[in-house]
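**Q**
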Amino acid sequence: MMFPERFSNLPAYAFPRLRALLDHLEPGGPVVHMTIGEPKHAFPSWVMDEIAANAAEFNKYPTNEGTPELLQAISEWIARRYGVGVPSAQIMALNGTREGLYNAAMALCPETKNGAQPIILTPNPFYQVYAVAAASVGAEARFVPATEASGHLPDFAALDKDVLDRVAIAYVCSPANPQGAVADEAYWRDLIALAEVHDFKIFADECYSEIYRDTPPTGALQVADKMGADPERVLIFHSLSKRSNLPGLRSGFVAGGPESIRRIRQLRNYSGAPLPLPLQRAAAKVWADEAHVEENRRLYAEKFDVADEVLSDVPGYTSPQAGFFLWLPVDDGEEAAVKLWTETGVRVLPGAYLSRDAEGYNPGKKFIRVALVAPKDEVRDALMKLRACIYG
1 MMFPERFSNL PAYAFPRLRA LLDHLEPGGP VVHMTIGEPK HAFPSWVMDE
51 IAANAAEFNK YPTNEGTPEL LQAISEWIAR RYGVGVPSAQ IMALNGTREG
101 LYNAAMALCP ETKNGAQPII LTPNPFYQVY AVAAASVGAE ARFVPATEAS
151 GHLPDFAALD KDVLDRVAIA YVCSPANPQG AVADEAYWRD LIALAEVHDF
201 KIFADECYSE IYRDTPPTGA LQVADKMGAD PERVLIFHSL SKRSNLPGLR
251 SGFVAGGPES IRRIRQLRNY SGAPLPLPLQ RAAAKVWADE AHVEENRRLY
301 AEKFDVADEV LSDVPGYTSP QAGFFLWLPV DDGEEAAVKL WTETGVRVLP
351 GAYLSRDAEG YNPGKKFIRV ALVAPKDEVR DALMKLRACI YG
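Now the structure itself:
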């Protein structure tokens, strides 16, 4: 069977590219991994007890859309966090949000839009599953720069009308990975209004929503509800991976309009991998608890402060509003990553590996992404080495 050409044209995934760049080189000191956004803070100790207490349910097929208890816990969390009432029927539990971000496009992208190939919009840089989802449904992926000039969020309204009329889906990540920028209410209002005019759906990837400095980020569904927008206009995607330091639990959710969720659930019936029941039981408890989230946020806030202390006078440094990445300006991301690795042992990700060449340039080429997931003292030491090595 031939591998479809549209997948052959995809660039290598970021981390295999990084291994090819660095693994044949000797580190210049004790290795410090600051590449992948894998949380290192402790998750609630009672999670293991909850899984063990329900372990007998590993011999049952999981509920496809999520147990009633899990869906209710998520519905209550949405109400507490955003003040929006979303019934359980308009939520589906996910086996990690990457599954949902991919399968939602499979379920909801039309084969044509206004008689032409549909377009899926994505920020640039971006979470790589967005582009693979576009390729999978035969859509044209349009990479829209998210740079300092646009507040590190994509300015979709700047696109030509002919392009917007072909748009089926627009992915937006807020808080943004990798820049940490947050879409405010005005941004969401403008985007939702644009989507209403040109009839496309917004996939709001809000997985970093609970890691912020001061003010909780505004949610897309929250604004859509205030506007009285079409209920099918916006879908939100959330996860316990960053909020609760549980990436291995693979618990997330998608919420949106009843028809959108019906179609996503139907696809899951045939092709999905629902979360095992003991993990769903644990996830329901985790969504209901905020104490551990507040502690997690406090620990990240300390590391934000460390980054500001070490890097605040570096030209072009921007302190992130949310998330746990630094998006640091350099002359060349690959060269900086190699220099840092071979001279200090600190391992970072070239920004170009999270971006795509579009309109004649790659907006990530002159950046590196640095994950603040290690303990505070390790972060401080690594950032000081980074500063001395890269910025002098």
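To convert, note that position 249 of the sequence shown is 249 in the UniProt record's numbering; the numbers rise steadily by one, no gaps.
Positions of the beta carbon are idealized from the N, C-alpha and C atoms, including for glycine.
Hey, N95 and R356 are a contact pair by Cβ (cut 8 Å); roughly how many whole angstroms apart?
**A** Here residue 95 corresponds to residue number 95 of the sequence shown, with the count starting at 1. Here residue 356 corresponds to residue number 356 of the sequence shown, with the count starting at 1. Not confirmed; about 27 Å, so no contact.
**Q** Please report the Cβ distance between residue 395 and G219, rounded to the nearest whole angstrom; I am assuming they are in contact, meaning their Cβ atoms lie under 8 Å.
**A** Residue 395 is absent from the structure shown; the chain starts at 1 and stops at 392.
**Q** Do the segment 335 to 345 and the segment 185 to 195 meet, that is, are 3 or more Cβ pairs less than 8 Å apart?
**A** Flag = no, the segment 335 to 345 and the segment 185 to 195 do not touch.
**Q** Measuring CB to CB, does residue 469 end up less than 8 Å from E38?
**A** The requested residue 469 is not part of the displayed model; the chain covers only 1 to 392.
**Q** Would the segment 193 to 205 and the segment 336 to 352 be scored as touching if the rule is three or more Cβ pairs under 8 Å?
**A** In short, these stretches do not touch, since the Cβ pair count stays below three.
**Q** What three-state label does DSSP hand Y82 in the structure shown?
**A** The residue given as residue 82 occupies position 82 in the sequence shown. Residue state, collapsed to three classes: helix.
**Q** Considering only C-alpha positions, which residue in the set A371, E378, L108 is nearest to R263?
**A** For the purposes of this step, residue 263 is taken as residue 263 along the sequence shown, with counting starting at 1. The candidate whose alpha carbon is nearest that of R263 is L108.
**Q** Whose C-alpha, out of T215, F304, D225, N269, is nearest the C-alpha of V84?
**A** Within the sequence shown, residue 84 is the residue found at index 84, counting from 1. With distances taken between Cα atoms, V84 lies closest to D225.
**Q** According to DSSP, is V370 helix, strand or coil?
**A** Sequence index remark: in the sequence shown, residue 370 carries index 370 (1-based). Here V370 sits in strand by DSSP.
**Q** Can you tell which of Q266, Y130, S312, N64 has its C-alpha closest to the C-alpha of P276?
**A** For the purposes of this step, residue 276 is taken as the residue at position 276 of the sequence shown. Comparing Cα positions, the closest option is N64.
**Q** Taking just the CA atoms, how far does A371 sit from E295?
**A** Against the sequence shown, residue 295 aligns to sequence position 295. Against the sequence shown, residue 371 aligns to sequence position 371. Approximately 18 Å, taken between the alpha carbons.
**Q** Where does D313 sit, in a helix, a strand or coil, going by DSSP?
**A** Position 313 of the sequence shown, counted from the start, is the residue given in the question as residue 313. DSSP places D313 in coil when its eight states are reduced to three.
**Q** Run through DSSP, which three-state label would M1 get?
**A** The sequence position of residue 1 within the sequence shown is 1, counting from 1. In this prediction, M1 has a pLDDT of 41, which is less than 50 and means its spatial position is unreliable; what the coordinates show is noted afterwards. Correct three-state label for M1: coil.
**Q** Out of R387, A116, A291, Y212, point me to the one whose CA is closest to G323's CA.
**A** Taking the first residue of the sequence shown as 1, we reach residue 323 at position 323. If we check each option's Cα against that of G323, Y212 comes out closest.
**Q** On the CB-based measure, 16 or more other CB atoms within 10 Å of its CB, does T215 come out buried or exposed?
**A** Along the sequence shown, one-based indexing puts residue 215 at 215. Its Cβ having fewer than 16 others within 10 Å, T215 is exposed.
**Q** Ends of the beta strand (DSSP E) at T112?
**A** Taking the sequence shown and counting its residues from 1, the one referred to as residue 112 is at position 112. T112 -> no beta strand (DSSP E), and no H or E assigned at all.
**Q** Quick check on Q321: buried or exposed, where buried means 16 or more other Cβ atoms within 10 Å of its Cβ?
**A** Here residue 321 refers to the residue found at position 321 of the sequence shown. By the neighbour-count rule (16 or more Cβ atoms within 10 Å), Q321 is buried.
**Q** Taking the alpha-carbon positions, what's the K40 to K365 distance?
**A** For the purposes of this step, residue 40 is taken as the residue at position 40 of the sequence shown. For the purposes of this step, residue 365 is taken as the residue at position 365 of the sequence shown. When rounded, the distance between both Cα atoms is 28 Å.
**Q** For the segment 301 to 316 and the segment 127 to 144, state whether three or more C-beta atom pairs, one from each stretch, are separated by less than 8 Å.
**A** No, because fewer than three Cβ pairs between the segment 301 to 316 and the segment 127 to 144 fall closer than 8 Å, the two stretches do not touch.
**Q** With burial defined as no fewer than 16 other Cβ atoms inside 10 Å of the residue's Cβ, what is the status of Y266: buried or exposed?
**A** Within the sequence shown, residue 266 is the residue found at index 266, counting from 1. Sequence check: residue 266 is Gln here, not Tyr. When all chains shown are included, Q266 counts as exposed.
**Q** Using the beta-carbon count (16 or more within 10 Å), is D331 buried or exposed?
**A** Residue mapping note: residue 331 aligns to position 331 of the sequence shown, counting from 1. Its Cβ having fewer than 16 others within 10 Å, D331 is exposed.
**Q** Roughly how far, in whole angstroms, is the beta-carbon of R387 from the beta-carbon of V314, given that I think they are within contact range, below 8 Å?
**A** Along the sequence shown, one-based indexing puts residue 387 at 387. Along the sequence shown, one-based indexing puts residue 314 at 314. Right, their Cβ atoms sit about 7 Å apart.
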